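Protein chains in written order, with numbering that gives the first Met the number 0: chain L, 0 to 259; chain P, 0 to 259.
2 protein chains.
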Amino acid sequence: MIFLKKILIFLSILPLALPQDIFDPDTFPRPLIIEINEPHLKEVQLQCTSWRVAVEANNLSPWKKIPEECGDYVRDYMTQKGYEIDLQRVCNEAGIYARSVNMSGDGKIAWIFDVDETLLSNLPYYADHGYGLEIFDSTKFDQWVEIGMAPAIESSLKLYEEVLSLGFKVILLTGRSERHRSITVDNLLQAGYRNWDKLILRSSEDHGKTATMYKSEKRSELVEEGYHILGNSGDQWSDILGSSMSKRSFKLPNPMYYIP
Amino acid sequence: MIFLKKILIFLSILPLALPQDIFDPDTFPRPLIIEINEPHLKEVQLQCTSWRVAVEANNLSPWKKIPEECGDYVRDYMTQKGYEIDLQRVCNEAGIYARSVNMSGDGKIAWIFDVDETLLSNLPYYADHGYGLEIFDSTKFDQWVEIGMAPAIESSLKLYEEVLSLGFKVILLTGRSERHRSITVDNLLQAGYRNWDKLILRSSEDHGKTATMYKSEKRSELVEEGYHILGNSGDQWSDILGSSMSKRSFKLPNPMYYIP
């Protein structure tokens, strides 16, 4: 029996030594090299998922780049199904909530959207910069912003249109600089966004503030102007936490960078 | 070549037809049945991970039980490595933060801990109740609480001891009822917890309030008493959000149940 087993091991390995054209991965068991690597891959998968959950649950202190060992994991998450599924889920939940809101009143019920990684995707930029493995370079990123070619995040565009059609006032609140107003407007329009009530960007006196401070101040001003902030979508916790928080907030996934 | 390929396919499948004692899963490629099932399993894994991330990021509206299709996923997460790794990560992050706090001053710097699924684990109870697949039954759960045998969450016990030794005042703030004070104290002591400053339970006037309201009110009272709440650990967002929020909060994982 042991001899038979050895012959079978040899024969099951044999296809690996044959030319590629007769090796069909859909029919044959996968090459042994993958089997050997799996325990390590599973451990990395588990640790990097745990890291990503900690990011999404706001458990980490400010970080400047993703863990070295999670480079492949984050790339795969962003470019395969994971990111897309998570975006759909959170935007779908937001839509269910939006439809449940009583819209009667003074017509000043507002939904706030962040811009980068919320309405617009900078994935083409981050694909060229290691999906978060490189420390953020504002000069290079500004060059990307100034092209004005960031595509829409489709799930957000769908939510945006629904929220508008329900009668929410849409406020765009972004950490982008006031000097990028014009290109940001062009990019948003080109990506399909329309009819926002306000687009708020960082003015010169907002530089130096954390995003949490800046966005809290702007939300407080909106409340003073009479807006009722009932929904808020952002990919950073600094879009959500602080003062004058929205009745409900939706944290879009983003394992590539952290803004305090 | 095609004939050779067919022979190799046959021989690679042959081990499946042989008695178990000559089939060594560590040496042979895994049985084909697992390969066939993988795409479905991977899809469930992906969807349930996405659901769990949405729970941890506070993106879901109140839910009463876990999705039916995630029953096996949540059981595996709780009983295999996932839960343990996530607990270690969040408690480790909390420890790093705790050590960074400037402890000088009036000696009233406080760390709040929730009890269930934060200091004490009810996993033995939930193992008997489908890990969240069953709707919460307060009568049965109370019977479990009254045994007083919930074990410590080891990562939390380690953090608890460190936080105490750093000089934080430890406040335990739980949704458990005042009538369970005595058994809760016994259980906490038996699990290794010591020297808390206060144990706050729901009194009769707190029943009917959401956990967010009840815990916010209690935090506000603590602030009025002069405590500076600089750390907060809980497995529910209702432990964390609301008024008088802690300077930093740590969301422990819990995919089994949701408390609004």
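A virtual CB, placed ideally from N, CA and C, is assigned to each residue, including glycine.
For clarity, every value in this text was computed on a predicted model and none was experimentally measured.
Cβ atoms of residue j and residue i: under 8 Å apart, would you say?
{"i": "Y192 (chain P)", "j": "R201 (chain P)", "result": "no"}
{"i": "A109 (chain P)", "j": "L221 (chain P)", "result": "yes"}
{"i": "E55 (chain P)", "j": "E92 (chain L)", "result": "no"}
{"i": "S242 (chain P)", "j": "R218 (chain P)", "result": "yes"}
{"i": "R98 (chain P)", "j": "L165 (chain P)", "result": "yes"}
{"i": "G237 (chain P)", "j": "I258 (chain P)", "result": "For the sequence presented, residue 237 (chain P) should be read as Ser rather than Gly. Yes, the Cβ-Cβ distance between S237 (chain P) and I258 (chain P) is below 8 Å."}
{"i": "V144 (chain P)", "j": "G230 (chain P)", "result": "no"}
{"i": "K107 (chain L)", "j": "H206 (chain L)", "result": "no"}
{"i": "L263 (chain L)", "j": "T211 (chain L)", "result": "Beyond the ends of chain L as shown, which are 0 and 259, falls residue 263 (chain L); an answer cannot be given."}
Sorted by chain position, which residues of the same chain lie with C-beta nearer than 6 Å to residue i's C-beta, five sequence neighbours on each side aside?
{"i": "K63 (chain P)", "result": "I134"}
{"i": "A53 (chain L)", "result": "L59"}
{"i": "K197 (chain L)", "result": "I170"}
{"i": "Y96 (chain P)", "result": "R247"}
{"i": "L187 (chain P)", "result": "none"}
{"i": "N324 (chain P)", "result": "Given that chain P is displayed from residue 0 to residue 259, the structure contains no residue 324 (chain P) and the question cannot be resolved."}
{"i": "S103 (chain P)", "result": "none"}
{"i": "K41 (chain L)", "result": "none"}
I need the straight-line Cα distance from residue i to residue j, nearest angstrom please.
{"i": "Y72 (chain P)", "j": "I84 (chain P)", "result": "16 Å"}
{"i": "I199 (chain L)", "j": "V43 (chain P)", "result": "40 Å"}
{"i": "G81 (chain L)", "j": "D105 (chain L)", "result": "40 Å"}
{"i": "Q235 (chain P)", "j": "D185 (chain P)", "result": "24 Å"}
{"i": "K250 (chain L)", "j": "R178 (chain P)", "result": "38 Å"}
{"i": "S11 (chain L)", "j": "H39 (chain P)", "result": "With a pLDDT of only 47 at S11 (chain L), under the threshold of 50, the placement of this residue in the model should not be trusted, and no figure is reported."}
{"i": "Y124 (chain L)", "j": "C47 (chain L)", "result": "22 Å"}
{"i": "R51 (chain L)", "j": "P254 (chain L)", "result": "6 Å"}
{"i": "E153 (chain P)", "j": "A190 (chain P)", "result": "9 Å"}
{"i": "T78 (chain L)", "j": "H128 (chain L)", "result": "14 Å"}
{"i": "I182 (chain L)", "j": "N101 (chain L)", "result": "35 Å"}
{"i": "C69 (chain P)", "j": "G225 (chain L)", "result": "43 Å"}
{"i": "K208 (chain P)", "j": "Y159 (chain L)", "result": "34 Å"}
{"i": "E223 (chain L)", "j": "S215 (chain L)", "result": "12 Å"}
{"i": "R74 (chain P)", "j": "P66 (chain P)", "result": "12 Å"}
{"i": "G147 (chain P)", "j": "A151 (chain L)", "result": "53 Å"}
{"i": "Q142 (chain L)", "j": "G94 (chain L)", "result": "34 Å"}
{"i": "E37 (chain P)", "j": "L45 (chain P)", "result": "12 Å"}
{"i": "T138 (chain P)", "j": "Y130 (chain P)", "result": "17 Å"}
{"i": "E34 (chain L)", "j": "L132 (chain L)", "result": "Its pLDDT being 45, under 50, E34 (chain L) is placed unreliably in this model, and the value from its coordinates should be taken loosely. Answer to the nearest angstrom: the Cα atoms are 27 Å apart."}
{"i": "F140 (chain P)", "j": "L122 (chain P)", "result": "12 Å"}
{"i": "N194 (chain P)", "j": "A126 (chain P)", "result": "31 Å"}
{"i": "I32 (chain L)", "j": "Y76 (chain L)", "result": "Below a pLDDT of 50, predicted positions are generally treated as unreliable, and I32 (chain L), at 42, falls in that range; the measurement from the model is reported next regardless. Approximately 23 Å, taken between the alpha carbons."}
{"i": "F167 (chain L)", "j": "S203 (chain P)", "result": "40 Å"}
{"i": "S49 (chain P)", "j": "S49 (chain L)", "result": "12 Å"}
Would residue i count as contacting chain P if we go by Cβ distances under 8 Å?
{"i": "Y96 (chain L)", "result": "yes"}
{"i": "F249 (chain L)", "result": "yes"}
{"i": "G233 (chain L)", "result": "no"}
{"i": "V89 (chain L)", "result": "yes"}
{"i": "S154 (chain L)", "result": "no"}
{"i": "E161 (chain L)", "result": "no"}
{"i": "S60 (chain L)", "result": "yes"}
{"i": "E92 (chain L)", "result": "yes"}
Do we get a CB-CB distance below 8 Å when we pair residue i with the residues of chain L?
{"i": "I33 (chain P)", "result": "Legend: pLDDT at I33 (chain P) = 42, less than 50; position of this residue unreliable, no value from coordinates given."}
{"i": "I84 (chain P)", "result": "yes"}
{"i": "G81 (chain P)", "result": "yes"}
{"i": "E177 (chain P)", "result": "no"}
{"i": "F2 (chain P)", "result": "Reliability of the predicted coordinates at F2 (chain P) is poor, the pLDDT of 48 falling under 50, and the value obtained from them is presented with this limitation in mind. Taking Cβ atoms only, chain L never reaches closer than 8 Å to F2 (chain P), which makes this a no."}
Between residue i and the rest of its own chain, which residues show a CB-CB distance below 8 Å, the 5 nearest in sequence each way excluded?
{"i": "S155 (chain P)", "result": "L86, C90, F112, T117, L118, S232, L251"}
{"i": "R180 (chain P)", "result": "L198, L200"}
{"i": "R175 (chain P)", "result": "V114, D115, V144, T183, L200, R201"}
{"i": "G61 (chain P)", "result": "It is Pro, not Gly, that sits at residue 61 (chain P) in the sequence shown. Excluding sequence neighbours, P61 (chain P) sits near Y257, P259."}
{"i": "S120 (chain L)", "result": "A149, P150, A151, I152"}
{"i": "D280 (chain L)", "result": "Outside the modelled stretch of chain L, which goes from 0 to 259, sits residue 280 (chain L), for which no answer is possible."}
Is there at least one Cβ from chain C nearer than 8 Å to residue i's Cβ?
{"i": "N253 (chain P)", "result": "Absent here is chain C; the protein component of the structure consists of chains L and P."}
Near residue i, what residues of its chain come up, given a Cβ to Cβ distance below 7 Å and the 5 sequence neighbours on each side ignored?
{"i": "K157 (chain L)", "result": "C90"}
>> Closer than 8 Å between beta carbons: that is the criterion. Which residues of the region 44-58 of chain P meet it against chain L?
In response: L45, Q46, T48, S49, W50, R51, V52, A53, E55, A56, N57, N58
> Between the region 197-231 of chain L and chain P, which residues of the former have a C-beta closer than 7 Å to a C-beta of the latter?
Replying inline: none
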